[in-house]
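FYI, in my numbering the residues of the sequence shown are 450 to 543.
Heads up, the thing below is written out as structure tokens.
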Amino acid sequence: MRVTRVERPSSLEGVAEGDLSGTGRWQLTPEAETTRVRYDWTVVTTKPWMNVLAPLLQPAFRWNHNQVMAEGGRGLARHLGVHLLSHRGSAAAG
450 MRVTRVERPS SLEGVAEGDL SGTGRWQLTP EAETTRVRYD WTVVTTKPWM
500 NVLAPLLQPA FRWNHNQVMA EGGRGLARHL GVHLLSHRGS AAAG
């Protein structure tokens with residue numbers, strides 16, 4: 450992930466290149482005594498085999514995506530020394 454835009458203190462954007470190509474955006478919103486962080490990830494697969502098998506493997510891709518995002522949330526929380534209050538992940542169909 451390469452950072453392409455920073456709007457302190459509310460957002461951060463980046464570009465991913467590799468097996469997945471696209472953009473990610475972190476939106477930080479103050480909420481009571483915490484900060485809500487929303488991460489929107491819009492990517493496409495770049496490997497021909499992934500594109501060909503995507504209709505068949507979509508459940509596995511979705512499961513893997515959700516696992517990676519959950520671990521990323523836990524890792525970020527550990528790094529910041531805070532508790533992860535929730536994780537809601539969904540990989541868009543199609």
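Here a beta-carbon is modelled for each residue, glycine too, at the ideal position from N, C-alpha and C.
- Counting other Cβ atoms within 10 Å of its Cβ, tryptophan 490 reaches 16 or more and is therefore classed as buried.
- Bridge pairing for aspartate 468: absent [DSSP].
- Inter-residue distance for glycine 463 and leucine 505 is about 29 Å (C-alpha atoms, whole angstroms).
- Nearest neighbour of histidine 536 by Cα position, chosen from Val492, Val486, Met499, Arg511, turns out to be Val486.
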